[in-house]
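Going down the list, the protein sequences come from chains G and U.
The numbering of the first sequence is our numbering, which starts it at 339 and goes up by one.
The numbering of the second sequence is our numbering, which starts it at 339 and goes up by one.
Below: one structure, written as C-alpha cells.
Number of protein chains: 2
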Amino acid sequence: MKVSDVGEFGLIERIAEILGEDFGDDCAVVEHLEGKILLTVDVLVEDVHFLRRYPPETVGWKAISVNVSDVVGNGGHPRWVLVSLIVPPDLDVSYVEGVYRGIAKACEFYGCKVVGGNMSRGEKIVVDVSLVGDSVKPVGRRGARPGDLLFVSGTLGDARAGLELLLMNRKDYEDFELRLMEKHLRPTARIDYVRHIQKYATASMDVSDGLVADANHLSERSGVRIDIDSSKLPISEDLRKFCRKYGRDPLDYALFGGEDYQVIFTQPETRWNPFMDMTPIGRVSEGSGVYVDGERKEGGHRHF
Amino acid sequence: MKVSDVGEFGLIERIAEILGEDFGDDCAVVEHLEGKILLTVDVLVEDVHFLRRYPPETVGWKAISVNVSDVVGNGGHPRWVLVSLIVPPDLDVSYVEGVYRGIAKACEFYGCKVVGGNMSRGEKIVVDVSLVGDSVKPVGRRGARPGDLLFVSGTLGDARAGLELLLMNRKDYEDFELRLMEKHLRPTARIDYVRHIQKYATASMDVSDGLVADANHLSERSGVRIDIDSSKLPISEDLRKFCRKYGRDPLDYALFGGEDYQVIFTQPETRWNPFMDMTPIGRVSEGSGVYVDGERKEGGHRHF
Numbered sequence: 339m340k341v342s343d344v345g346e347f348g349l350i351e352r353i354a355e356i357l358g359e360d361f362g363d364d365c366a367v368v369e370h371l372e373g374k375i376l377l378t379v380d381v382l383v384e385d386v387h388f389l390r391r392y393p394p395e396t397v398g399w400k401a402i403s404v405n406v407s408d409v410v411g412n413g414g415h416p417r418w419v420l421v422s423l424i425v426p427p428d429l430d431v432s433y434v435e436g437v438y439r440g441i442a443k444a445c446e447f448y449g450c451k452v453v454g455g456n457m458s459r460g461e462k463i464v465v466d467v468s469l470v471g472d473s474v475k476p477v478g479r480r481g482a483r484p485g486d487l488l489f490v491s492g493t494l495g496d497a498r499a500g501l502e503l504l505l506m507n508r509k510d511y512e513d514f515e516l517r518l519m520e521k522h523l524r525p526t527a528r529i530d531y532v533r534h535i536q537k538y539a540t541a542s543m544d545v546s547d548g549l550v551a552d553a554n555h556l557s558e559r560s561g562v563r564i565d566i567d568s569s570k571l572p573i574s575e576d577l578r579k580f581c582r583k584y585g586r587d588p589l590d591y592a593l594f595g596g597e598d599y600q601v602i603f604t605q606p607e608t609r610w611n612p613f614m615d616m617t618p619i620g621r622v623s624e625g626s627g628v629y630v631d632g633e634r635k636e637g638g639h640r641h642f
Numbered sequence: 339m340k341v342s343d344v345g346e347f348g349l350i351e352r353i354a355e356i357l358g359e360d361f362g363d364d365c366a367v368v369e370h371l372e373g374k375i376l377l378t379v380d381v382l383v384e385d386v387h388f389l390r391r392y393p394p395e396t397v398g399w400k401a402i403s404v405n406v407s408d409v410v411g412n413g414g415h416p417r418w419v420l421v422s423l424i425v426p427p428d429l430d431v432s433y434v435e436g437v438y439r440g441i442a443k444a445c446e447f448y449g450c451k452v453v454g455g456n457m458s459r460g461e462k463i464v465v466d467v468s469l470v471g472d473s474v475k476p477v478g479r480r481g482a483r484p485g486d487l488l489f490v491s492g493t494l495g496d497a498r499a500g501l502e503l504l505l506m507n508r509k510d511y512e513d514f515e516l517r518l519m520e521k522h523l524r525p526t527a528r529i530d531y532v533r534h535i536q537k538y539a540t541a542s543m544d545v546s547d548g549l550v551a552d553a554n555h556l557s558e559r560s561g562v563r564i565d566i567d568s569s570k571l572p573i574s575e576d577l578r579k580f581c582r583k584y585g586r587d588p589l590d591y592a593l594f595g596g597e598d599y600q601v602i603f604t605q606p607e608t609r610w611n612p613f614m615d616m617t618p619i620g621r622v623s624e625g626s627g628v629y630v631d632g633e634r635k636e637g638g639h640r641h642f
C-alpha cells in the first residue's frame, strides 16, 4: 500500500498507533517548570509548496509565518526558531541569502529569534522550520461549548485565488491580482490576536487547510456541532473581483481555499470585539460535524 | 556564486550576518523561566545521509540519535521531539511505519517523547527531527582551560568503516563487518555521559563531523590549543581488523571519520572516571589550533 492510498490523515493515524501518542494537533503543548511551551514544525518543499521562480524572501517569510500561525492559533507567542535548510549544491548563494532575509524580517515582525539550524544538501530546496513558543494559557481545540459563536479573523479565500493567479505565470497582472498573489506569497500570521484568544476563546486554531477542513478539526476535538452561515463569510473585494473576472464562486474559495493563515475561534457572543476584524460566521451546538447552511461538509486540503 | 563554492561554513557565516546572530553551535541554549532549554535540529536526506535500501527502522533510530547526541554533547537531557517527514507519494506505507518504529524505539531508549510533527510529500525521503532538551547546566564549547585533558568516549572511526562497507553493497559480510555497519546505521548517542559532562566537563560536544573537525570547533570556541596524541586514540578491534583486511590506516578513520556520535570533553585530569569508557587523548594549552602529534590539523567532513 502506498502513502498516496492512505493519505495524510491515514498515515498520521498509523503513526499515532506506533508512537502510542496523540498528535493530531498542529501545535504541541508541553510543561516546563511552571510554564507551558508550544512546539510546532512546518515545512516548505520546492515544487510542492513553492516554485523556484518565487522571490526567495517570500519563501523565508512564509516559512516563519506558517509556524507562527500555528502557535498564534493556540494562544501562544512565538519565541525561538530552528531553521533546517536543504539546498542543491548548484543553487546560487544569493538565493539562500534571500530566504534568510525573509526569515530575518519575519522574525523581527513576529518578535521571535532564530537560535539555530542545520544545512544539508539535497535535490530540491526544503525550508523546514521548527518554532518554540510559550503561553500563559494555551487554548487548544477542545474547549468549544454549545452556545459559543464561531469567529474568523480577516478575510477567507484570498490566498487560494492568489495561488491560482501565480500558476497562470503571466507577464502582467491587475493591481487586485497582485494583492491576491501577495496574500499567497507573504501571508501574515495573526499575532495581533494572541491576547484576545488567550483571554476569551474557548477553542481556537489557525486556518491553513481551509475553513471547512479546519472547522471539522475543531468540531471533532471539542465534540460539538458547528453551523456555518455562508452569507456571513468575510470575502474581500479583491476576491470578488477575481471571481467575477474568472467566473468563479467566492464561497468555494472562502470555504475550501487553504493557506489564509487567519484564526478561527469560538467564544461567547458577548466577547465580540468590534474594533478587531473578527466576523461571527457560525454557531456551536451539541452534536457533531460541520454544517454549512444546514448541509454537512467535510474535507479540504489533502497533502498527498 | 554557487552554494558548493562557499561550502557549509561559508554559507553559515553569510547567514549569521543576515540574522545578526551567532549560531555556530549545533545546539542552542535559551532561557525559559528559571531554567535552560536546549534546541537542536538535524536532518537525514535520502541519497545524502542514507539509501532507500537501508532498513527504515535504522533511519528512524538514527534521526533521533543524531539529535540526542547534540543535546547530550551539551550536557542536556532530551525531552520533546518534533518529526518533520517528507515522503514520495508512491512510497510504501510500511516504510513510513518502519521509520516511526525506529523513532519510537529510540525515544523510549533515550527517554524523550514525540510530541508533534509534520508530513509533506516530496521526491526524496527526508526525516527532519527537532529536539528540545533541558539541562540544569549546559556546558557548551567555550570553557576549555589550559591544563585540562581532552577525553573521548567509546571508540572512534567505526562508523566511517561501516559506511564504506555498506557502500560495497555485498551479499556476504564477516561478523566484524556487520558490527561496523551497525555502528553506522544505528549509532547510540552517549546519554550515559550527561551527568558526568554536567558535573565535570569544562567544555564538551559530540563527535559528528570527525574528531579533528570537532576538536577544532572546541579549540576555536574556547580560544585554546589542543594537542592530540594519536597513540592514545581508542580504536576498536573491529576497526583494526577492517584496516588490516582492506589495507587502511586506522588513524585516518579515528581522526577524520565522521558520525561516531561519541562525546569529546575537556576536564581536569583528576576527574577521570576509570569506570566509564573515557580515554584521555589530548591536552589543552594556551594558544590556538588543533595539533596531532605536534602537527596542525584542520578540516574534516564537508556537507557540500
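Each residue gets a CB set at the ideal place from its N, CA and C atoms; glycine is no exception.
Nothing here was measured: the structure is a model prediction, and the numbers come from that model.
Contacts of residue i in chain U (Cβ-Cβ under 9 Å)
i: G/Thr378; result: Leu420, Gly454 and Asn456
i: G/Ala527; result: By Cβ distance, chain U contributes nothing, its closest Cβ being about 16 Å from G/Ala527, past 9 Å.
CA-to-CA distance, residue j to residue i, given in whole angstroms
i: G/Glu435; j: G/Ser557; result: 42 Å
i: U/Cys445; j: G/Thr617; result: 43 Å
i: G/Val404; j: U/Trp610; result: 48 Å
i: U/Val383; j: U/Pro476; result: 29 Å
i: G/Val562; j: G/Gly478; result: 14 Å
i: G/Lys521; j: G/Asp496; result: 6 Å
i: U/Arg390; j: U/Lys509; result: 17 Å
i: U/Leu469; j: U/Trp418; result: 6 Å
i: G/Gly585; j: U/Val437; result: 46 Å
i: U/Val666; j: U/Ile441; result: No statement about residue 666 of chain U is possible, as the shown extent of chain U runs from 339 to 642 and does not include it.
i: U/Ser290; j: U/Val550; result: Not covered by the structure: residue 290 of chain U. The range shown for chain U is 339 to 642.
i: U/Asp430; j: G/Val341; result: 6 Å
i: U/Asp428; j: G/Phe514; result: 39 Å
i: U/Asp547; j: U/Asn554; result: 11 Å
i: U/Val452; j: G/Glu372; result: 21 Å
i: G/Met506; j: G/Ala527; result: 26 Å
Start-to-end residues for the beta strand (DSSP E) that takes in residue i
i: U/Val370; result: The sequence as given places His at residue 370 of chain U; Val does not occur at that position. Taken as a continuous stretch (DSSP letters only), the beta strand (DSSP E) holding U/His370 covers Ala366 to His370.
i: U/Asp488; result: It should be noted that the sequence gives Leu, not Asp, for residue 488 of chain U. That run of the beta strand (DSSP E) goes Leu487 to Ser491.
i: G/Val622; result: Met616 to Ser623
i: G/Ser468; result: Val464 to Ser473
i: U/Pro588; result: Here U/Pro588 belongs to no beta strand (DSSP E); instead the alpha helix (DSSP H) covers Pro588 to Phe594.
i: G/Phe603; result: Gln600 to Gln605
i: G/Pro416; result: His415 to Val425
i: U/Tyr629; result: Gly627 to Val630
i: U/Ile564; result: Arg563 to Ile566
i: G/Lys451; result: Lys451 to Arg459
N- and C-terminal bounds of the alpha helix (DSSP H) containing residue i
i: G/Leu577; result: Glu575 to Tyr584
i: G/Lys374; result: Here G/Lys374 belongs to no alpha helix (DSSP H); instead the beta strand (DSSP E) covers Gly373 to Val383.
i: G/Met506; result: Asp496 to Met506
i: G/Ser432; result: Val431 to Tyr448
i: U/Ser407; result: Pro394 to Val410
i: U/Asp553; result: In the sequence under discussion, the amino acid at residue 553 of chain U is Ala, which differs from the Asp named in the question. Residues Leu549 to Ser560.
For residue j and residue i, believed in contact at Cβ under 8 Å, the rounded distance
i: G/Leu577; j: G/Tyr591; result: 6 Å
i: U/Gly596; j: U/Arg498; result: 6 Å
i: G/Phe580; j: G/Leu518; result: 6 Å
i: G/Val410; j: G/Asp544; result: 6 Å
i: G/Thr493; j: G/Pro572; result: 5 Å
i: U/Leu420; j: G/Leu357; result: Going by Cβ atoms, the distance from U/Leu420 to G/Leu357 rounds to 12 Å, so no, they are not a contact pair.
i: G/Gly629; j: G/Asp565; result: The question names Gly, but residue 629 of chain G is Tyr in the sequence shown. Confirmed, about 5 Å.
Chain G residues whose Cβ lies nearer than 7 Å to that of residue i
i: U/Ser468; result: Val379, Leu420 and Ser468
i: U/Leu505; result: Here the premise fails: no neighbours, minimum Cβ distance about 18 Å.
i: U/Tyr438; result: Ile353, Ile356 and Leu357
i: U/Asp552; result: Per Cβ cutoff of 7 Å: no residues; U/Asp552 is ~16 Å from chain G at best.
Closest by C-alpha distance to residue i, when choosing among the options
i: G/Val622; options: G/Glu636, G/Gln605 and G/Arg609; result: G/Gln605
i: U/Ile424; options: U/Lys462, U/Arg391 and U/Pro416; result: U/Lys462
i: U/Tyr531; options: U/Arg634, U/Phe613 and U/Pro394; result: U/Phe613
i: G/Leu501; options: G/Glu636, G/Lys570, G/Asp385 and G/Glu633; result: G/Asp385
i: G/Asp380; options: G/Ser407, G/Val431 and G/Val344; result: G/Ser407
i: G/Pro426; options: U/Ala354, U/Val344, U/Val628 and U/Val453; result: U/Val344
i: G/His534; options: G/Glu575, G/Gly413, G/Ala401 and G/Pro394; result: G/Gly413
i: G/Gly449; options: G/Tyr433, G/Met457 and G/Asp472; result: G/Asp472
i: U/Glu607; options: U/Arg582, U/Pro588, U/Tyr538 and U/Pro394; result: U/Tyr538
Amino acids of chain G, ordered along the chain, whose beta-carbon sits closer than 8 Å to that of residue i
i: U/Asp430; result: Met339, Lys340 and Val341
Proximal residues of chain U, C-beta to C-beta of residue i below 8 Å
i: G/Pro427; result: Lys340, Val341, Ser342 and Phe642
i: G/Val383; result: Ile424, Ser458, Arg459 and Gly460
Residues that residue i contacts on chain U, provided the C-beta gap is smaller than 7 Å
i: G/Val386; result: Ser458, Arg459 and Gly460
i: G/Ala442; result: Ile356 and Leu357
Contacts that residue i makes with chain G (C-beta to C-beta distance below 9 Å)
i: U/Cys365; result: Gly454
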